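Just below is one structure, and these are the notes that go with it.
Numbering (this note's numbering), first residue to last: 24 to 118.
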């Protein structure tokens, strides 16, 4: 990881970007204090929390293999429309 002063970074910005792509994060200093880091866009996206690509999103879900999901084999029950509940028997064809 290289260290660049603000002045160096301004003068050699293209070189700074190329080094970030090729060698990894580049530290920028101002008055001998680290103030920023330049990273390649792919690295930034990888590090940014909460933003997964679609495949990563699907793979990061909970493990569902332990769930016991069974469908009931019972026949569904017939529910008669209830006029008091706002259901009009004439509007529903149950034939």
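Backbone N, C-alpha and C fix where the C-beta goes; we use that ideal spot for every residue, glycine too.
Computed from a prediction, not measured in an experiment: that's the story for all the values here.
Leaving aside the five residues that flank residue 75 on each side, the residues in its chain whose CB is nearer than 7 Å to its CB run, in chain order, 83. Counted as a single uninterrupted DSSP element, the alpha helix (DSSP H) harbouring residue 64 occupies residues 64-70.
Taking C-beta atoms as the reference points, residue 44 and residue 25 fail to come closer than 8 Å. Residue 25: not part of any alpha helix (DSSP H); member of the beta strand (DSSP E) spanning 25-28, first to last residue. Every candidate alpha helix (DSSP H) stretch fails here, since none sits fully inside the stretch 78-111 while reaching 4 residues. With fewer than 16 other Cβ atoms inside 10 Å of its own Cβ, residue 58 counts as exposed.
49 is the residue among 36, 98, 49, 53 whose C-alpha sits nearest the C-alpha of residue 67.
Collapsing the DSSP output to three states places residue 35 in coil.
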